[in-house]
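Data block below; observations after.
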Amino acid sequence: MKLLITHILSLCFLCASATDSGYGLFIKSYPCKTSEMSALVLEEGKALPMHQDLTVRFDLFVRNDNVFGNIFRIITDKDENIDLLFTVDDDDKRFPILVINEAVYPLLEEVVREKWDSISVTLSPKRNVVEITYGDVAQSFPYPFKGSRQARVCFGLCPFENFDILDIASVNLKNIRVYTNDKLYRFWKLERHDQDICYDEIRQVPAIATNPSWIIDEYISWNRIYEQHFDVSPSIAFDSLSGNFYMVNNSAEIHVFNVHTQRPSMIEVQGGEYAVSSPNQLIYLPESRSLLSYNLSENLYSVFSFRDRKWSNNKLPEKEQAYWNNSVNYNPSGQLLVSFGGYGFYRYNNELVKTYPFSGKPEEKTILTEISPRYGAATTLLDNTLYIFGGRGNKAGRQELFPKNYSDFYSVNLQTNQVTQLWEATGNGAPEFISGENLIYDRVRDCFYLFSFQGGGTLLKITSAKPGFVPVSLPIGENVEAQFLYANLHYSSGQNKLFLVMNRTHVNNEAIITIYSLNYPPIPVAELSQARPEQRATGSLFIKLMVLTLLFVLLTLWVAYRYKIRSKQPKETPDTPPVAPNLKEGALPVNEPGEKEIPLYYNFTRSSICLLGGFRVMDKTGKDITVRFTPTLKTLLVLLLVYTEENPQGISGKKMLGLLWSSKEENSARNNRNVYLSKLRTLLEHVGDIDIVSENGFWRIVFSREVTCDYREALNMFQIVKDILNQTDENFNKLIELLYRGVLLPHMEVDWLDRFKSDFSNITIDLLSSRLNDSFPISNSLKLKIADTLFRHDFIHEEALHAKCKVLSETGKMGLAKSFYDNFCKEYRNLLGTGYEYSLMQVIQGENLLSP
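Per the working numbering: the sequence shown = residues 199 to 1050.
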């Protein structure tokens, strides 16, 4: 039962991470024990001032697992409580209610699940009311404050004495803001954190969590997806394409676990023997889709055919194994098996063993004298170079002579067997740990990922350039005490994850096999950690004054320079999203001035390139770097992006030169292209993993999954909702969120771009207009969203006008309908020079005014 509960919580956690914007606090509730549930106390448990209005705003995500119980509790200095919680009616529907002492006030809206909502609660001692806004519902309730001037606030479990709560709701929280008299007083983002503490962004005041699950930690946390006990320790291989782990400990059956379905299965072997006499002597061969078991002590091999379900060899191993915990790589181009190191007969070895299981070519053994004998080294094979890190052993190779853990890194040229020591960590930079077998090489970041058993299992990043270990995962915290300990890293490009398989075998040969997954690429733990306030000190007052003075001088010079430049150039309209006239009622959320963008489905606040409504680029840290794109760099980026979306090959090099540098000679044009491509690549490194690829005379741009582009997302969503009658509201709402951002690059006037802009506008207007068809049943709120989005692409769109005015009229908002209609008529006359032919009443009542 405990394992089942843990599995359920893991699934809930993954679901939450997949649907939120990547950070926040996951409140653990039922089915956890009360001692394991989460709490969050603001202001370090101290009271917040309430001399004037006190407002607490936060974003709330309701999970499906337990929509019942407390969300937050506010306790005034009169020891009276104000609670927001979920209750249940006779039809098992869940509703939020506000409880003030013993008075219960229902909020007139059923709970919306699996979606971020904005909640606001205001305590007003002057007016003696409590105001709450939950989603689109705003209500006010009486409460006699009678001189109350302070309040404590907590979410989840309430740890304050005499105010404990047993039932808490399954929710996620983020972006907690506290206002005093409409002035921002505290802001706990709940993103980066220092273990159980999150410091507010204004004065670094702590919010303290108990039993927290920080959503952002999912990026650096191992997720256990499989555990199985075996009577005899198995050998394990992984097929990255199918996602199957194969575990073999006898010749009768093969245990299979698929990482996609997370289901185990069994293959019954029809014949033959597998050649393994110890663990970790099995690999998967992708080119032949078969398993290869090998025994280096006897030069014995056996291949398992999944078609015949047979091993190719009938010979059983006879000798004691001499290569325990060696590290093996396979080169399919030469059908070459490469082994380094290992342990057997109380000795460590530094043998490089090359064997050819399929050609009959004799094996080659070489002693690498430059590397001390060892077992447990981590290796990887890149082309003809073998990389070797660490291991445990000693120079003499004898077990009794005080073995040690190594922290050195080598490369071996397999053609010449030449060994090069890349580096060795010494002193404080040499941590004591044993590593897993595989190194995973990241070509994009030019680094290696290494599994270490320290802390019960941690992923580290190293490079070939210099010593250093960067933690890129939180510790697993597994008990790694065992007679035989083995781990191996694998990468699956299909799931974009790392998988770790761990074998802990005891003296009686019983083994526990555990498999974990981790998101790829891993993120350095330090990047997600919030520094403590004392670590943020910037130095002496003199240094601060010098920095401020220098910044002031630079700012003055920059303003003067910009003024001089602008005085010589015609004024341009800034790249800001166009706003349709008076789009207020029913529109999608629009950011207030000074607030960060918090989208429903998409996060464009970091690692993003935006073209809809205006050109904007955000780097990995959330910094706006749009100004760093000169007109040529901006044009080059847009060119690559739109042509790549139109044709997977991209744009031909000849056409690129003709569009961007047609006035220059060919050599000069090529030089310009190469210079600007180099500059663009450098800039895009700040955004994320974006590659500019040249292939067969064509150029294209390739985005990693971590980088978001609204134009690319919109084109993708167009395909998804093509058959709109069969699509979910969620898919269509995703598209609406993107299209609401505005037209494609409204302030970029380039001839070759006009076709793309026109095509995008046409497909947008056609799709949204068809959705407004009365024969298609949609809610009034969705009609308003569609209408407001249409106005962003065509501000005198008649169908949108008719739909919006009709909905406003039907919902009793005739004044808003009249105001909107009048503004429309004004814009219509300004553009076309004539008045609009239909009156407001005709627009509201007419059924077929716009029919052909």
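Note that CB positions come from ideal geometry on N, CA and C, so glycine has one too.
Beta-bridge partners of I888, as assigned by DSSP: For this step, residue 888 is matched to residue 690 along the sequence shown. In the DSSP output, where bridge partners are listed per residue, I888 has F901.
Where Q616 falls: helix, strand or coil (DSSP): Here residue 616 is taken as the residue at index 418 of the sequence shown, counted from 1. Note: Q616 maps to strand in three-state DSSP.
According to DSSP, residues forming a beta bridge with R572: By one-based count along the sequence shown, residue 572 stands at place 374. Its beta-bridge partners are N547, G591.
Bridge partner(s) assigned by DSSP for N370: By one-based count along the sequence shown, residue 370 stands at place 172. Looking at the DSSP assignment, N370 forms a beta bridge with F224, F259.
Runs of beta strand (DSSP E) lying entirely within the stretch 423-486, each at least 3 residues, in chain order: Runs found: 433-437, 442-446, 451-456, 461-466, 480-483.
Enclosing alpha helix (DSSP H) for M915 [first to last residue]: Your numbering for residue 915 matches position 717 in the sequence shown. Residues 908-918.
Cross-strand partners of R350 (DSSP beta bridge): The residue you call residue 350 lines up with position 152 of the sequence shown. Answer is I273, bridged to R350.
Cα-Cα separation between Y499 and Y492, rounded to whole angstroms: For the purposes of this step, residue 499 is taken as residue 301 along the sequence shown, with counting starting at 1. For the purposes of this step, residue 492 is taken as residue 294 along the sequence shown, with counting starting at 1. Straight-line Cα distance between these residues: approximately 4 Å.
Limits of the unbroken alpha helix (DSSP H) element including W950: Looking up residue 950 in the sequence shown gives position 752. That run of the alpha helix (DSSP H) goes 949-969.
Three-state secondary structure (DSSP) of I994: For the purposes of this step, residue 994 is taken as residue 796 along the sequence shown, with counting starting at 1. DSSP, reduced to helix, strand and coil, places I994 outside both helices and strands of the structure shown, so it counts as coil.
Residue range of the beta strand (DSSP E) that includes M700: Translated into positions along the sequence shown, residue 700 becomes position 502. Per DSSP, M700 belongs to the beta strand (DSSP E) from 695-703.
Which of helix, strand or coil DSSP assigns to P846: Here residue 846 refers to the residue found at position 648 of the sequence shown. Looking at P846 - three-state DSSP - the assignment turns out to be coil, as it is neither helix nor strand.
Alpha-carbon to alpha-carbon, E329 and D287: The residue labelled residue 287 in the question sits at position 89 within the sequence shown. The residue labelled residue 329 in the question sits at position 131 within the sequence shown. When rounded, the distance between both Cα atoms is 24 Å.
Stretch pair the stretch 903-912 + the stretch 880-891: three plus CB contacts closer than 8 Å: yes
Residues of its chain near T1032, where Cβ-Cβ distance is below 7 Å and the 5 sequence neighbours each way are ignored: Position 834 of the sequence shown, counted from the start, is the residue given in the question as residue 1032. Excluding sequence neighbours, T1032 sits near nothing in its chain.
Rounded C-alpha distance that separates Q460 from K664: On the sequence shown, residue 460 is found 262 positions in, with the first residue counted as 1. On the sequence shown, residue 664 is found 466 positions in, with the first residue counted as 1. Taken atom to atom, the span from the alpha-carbon of Q460 to that of K664 is near 39 Å.
DSSP-derived helix/strand/coil call for F607: Working through the sequence shown from its first residue, we reach residue 607 at position 409. It is a strand residue.
Local conformation of T253 per DSSP, three classes: Reading the sequence shown from its first residue, position 55 is the one you call residue 253. The answer is strand: DSSP assigns T253 an E or B state.
Residue of V1041, E1008, G1010 minimising C-alpha distance to D197: Any property of residue 197 remains undetermined from this structure, which presents the chain solely from 199 to 1050.
Under 8 Å between C-beta atoms of Y341 and P294: As a position in the sequence shown, residue 341 is number 143, starting the count at 1. As a position in the sequence shown, residue 294 is number 96, starting the count at 1. The answer is no: Cβ separation not under 8 Å.
Boundaries (first-last residue) of the alpha helix (DSSP H) holding S1016: Numbered from 1 along the sequence shown, position 818 holds the residue referred to as residue 1016. According to the sequence provided, residue 1016 is Lys. The question's Ser does not apply to it. Looking at the DSSP string, the run of the alpha helix (DSSP H) that includes K1016 is 1012-1030.
The beta strand (DSSP E) enclosing E329, as first and last residue numbers: Start at 1 with the first residue of the sequence shown, and residue 329 comes out as number 131. Residues 327-332.
Secondary structure of L937, DSSP reduced to three states: Here residue 937 refers to the residue found at position 739 of the sequence shown. Three-state DSSP puts L937 in a helix.
Nearest to E997 (by Cα), restricted to the options E1008, L982, K1011, G1010: Reading the sequence shown from its first residue, position 799 is the one you call residue 997. If we check each option's Cα against that of E997, L982 comes out closest.
Within 8 Å, strictly: CB atoms of S475 and P432: Stepping through the sequence shown from its first residue, residue 475 is reached at position 277. Stepping through the sequence shown from its first residue, residue 432 is reached at position 234. Cβ distance not < 8 Å, so S475 and P432 don't count as in contact.
Same chain only: Cβ atoms within 6 Å of N636, ignoring 5 sequence neighbours per side: Translated into the one-based positions of the sequence shown, residue 636 becomes position 438. The answer, listed in chain order, is N686, L687.
Within 8 Å, strictly: CB atoms of I713 and N701: Residue 713 sits at position 515 when you count from the first residue of the sequence shown. Residue 701 sits at position 503 when you count from the first residue of the sequence shown. Taking the C-beta atoms as reference points, N701 is found no nearer than 8 Å to I713.
Collapsed DSSP secondary structure at V836 in the structure displayed: Looking up residue 836 in the sequence shown gives position 638. The three-state reading of DSSP puts V836 in helix, counting H, G and I together.
E635: first and last residue of the uninterrupted beta strand (DSSP E) it sits in: One-based indexing of the sequence shown puts residue 635 at position 437. It spans 633-640 - the beta strand (DSSP E) in which E635 sits, taken as one unbroken run.
Residue burial classification, A301 (beta-carbon count within 10 angstroms, cutoff 16): Taking the first residue of the sequence shown as 1, we reach residue 301 at position 103. By the neighbour-count rule (16 or more Cβ atoms within 10 Å), A301 is not buried but exposed.
Cβ-based neighbour list, K695, same chain, cut-off 8 Å, excluding 5 preceding and 5 following: Residue numbering aside, residue 695 sits at position 497 when the sequence shown is read from its first letter. Correct list, in chain order: V457, Y689, S715, L716, N717, Y718.
Three-state secondary structure assigned by DSSP to V1041: In the sequence shown, residue 1041 corresponds to position 843, counting from 1. Note: V1041 maps to helix in three-state DSSP.
T830, DSSP secondary structure in three states: Residue numbering aside, residue 830 sits at position 632 when the sequence shown is read from its first letter. The answer is helix: DSSP assigns T830 an H, G or I state.
Residue nearest to N582 in terms of C-alpha spacing, selected from S531, G625, E911, G654: Translated into the one-based positions of the sequence shown, residue 582 becomes position 384. Of the candidates S531, G625, E911, G654, the one whose C-alpha sits nearest the C-alpha of N582 is S531.
Stretch pair the stretch 261-276 + the stretch 388-403: three plus CB contacts closer than 8 Å: The stretch 261-276 is not in contact with the stretch 388-403.
Endpoints, the alpha helix (DSSP H) within which T567 is located: Walking along the sequence shown from the start, residue 567 turns up at place 369. Unbroken run through T567: none, as it is neither H nor E.
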